[in-house]
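Residue numbers (the numbering used here): 1024 to 1376.
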């Protein structure tokens, strides 16, 4: 073990009673956060930009209003966000606590120009394609495939085994679901995970930790490879984007192109730097682990605050990570809510060659 570890720098943001999930950071240092309403149906905007240490509604207050009408025009419950150049791609998974089901129009992909704050694209994910067993978790944008690009989404399905990867063609809005319940996106039977020093067994009937399948998703710097992780399975995988981004390919052809990348401990958070080194959040050890292009694994950070390193992004030599407390939710602890704020976002320096 190294003698010292880089400590995370707490980003000054006031989030006393709501957890952040997805995070995106520009080269100039602008920080965007997703504040989903699936755990707590909160009063805050669901997407914010951190300005002078305060969470400011992005792109504006109106689109972030927590309403029960005109849902296609509002951000209902955003979990995943990602940046490509000046566009923030937003995944609205639509699930709000204390509201039965996910109403039509809640679930969508939205693209916003971060400079003009204008919505430039909106793709609704509606029934029957959308199933309420889905838990749309995170997304990445691929500019190389499709007339206007392609979006890849992880569906980790917390409710029951019903996980998959979703591909969206931006120009047409065409959606495709792949690998549904395949071993490469699914939990591993008998899987045990440690969180805050306690073991938890994969158990959909009596869960004591977040369940589900494919969760973390990331693209290589050249956009030619898509990676994904499964919090309840030690294996992680990849596939060439020229294959998965090709709607003409059959699913059998796609399955043959999946590559097993090895094993890594990850609770879902994943990021990549400009060299192609991957970073994985490891709640079992309060850590972030990195794996370089040669396959060498090393410790990026150890910090007692990393109880559930969730959303992750790399920018200018730092890993930015949101700290979740999803494992402390009442549904996993006999009805007792063990979560407590304030919820931190950390900025961690990364040692690079």
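Even for Gly, the Cβ is constructed at its ideal location relative to N, Cα and C.
Counting only residues of its own chain and dropping the five nearest sequence neighbours on each side, residue 1339 has no CB closer than 6 Å to any other CB. For residue 1336, the secondary structure class from DSSP, reduced to helix, strand or coil, is strand. Residue state for residue 1090 is assigned as coil, using DSSP reduced to three classes. In this structure, DSSP gives residue 1115 an extended state, which the three-state scheme calls strand. When the Cα atoms are used, residue 1321 and residue 1287 turn out to be separated by approximately 11 Å. The continuous stretches of beta strand (DSSP E) do not include residue 1275, which lies in the alpha helix (DSSP H) extending over residues 1274 to 1280. In this structure, the CA atom of residue 1083 is about 8 Å from the CA atom of residue 1140.
Linking residue 1267 to residue 1163 through their CA atoms gives a straight-line distance of about 13 Å. For the set 1125, 1124 and 1143, the Cα lying nearest the Cα of residue 1132 is the one of 1143. When the Cα atoms are used, residue 1113 and residue 1135 turn out to be separated by approximately 8 Å.
Residue 1166 and residue 1359 have their C-alpha atoms roughly 44 Å apart. Selection 1154, 1234 and 1296 evaluated against residue 1336 yields 1296 as nearest (Cα-Cα).
An exposed status is given to residue 1150, since fewer than 16 other beta-carbon atoms sit within 10 Å of its beta-carbon.
Taking the Cα of residue 1102 as reference, the smallest distance to any Cα among 1070, 1086 and 1316 is reached at 1070. Just measuring C-alpha positions, the residue of 1065, 1246, 1090 and 1355 sitting nearest residue 1265 is 1246. Per the Cβ contact rule, the segment 1361 to 1370 is in contact with the segment 1036 to 1050 (3 or more Cβ pairs under 8 Å).
The C-alpha of residue 1190 lies about 15 Å from the C-alpha of residue 1130. Taking every protein chain shown into account, the CB of residue 1323 has 16 or more other CB atoms within 10 angstroms, so this residue is buried. Just so you know, the alpha carbons of residue 1154 and residue 1256 end up roughly 23 Å apart.
When beta bridges are read from the DSSP output, residue 1133 appears opposite 1113 and 1145.
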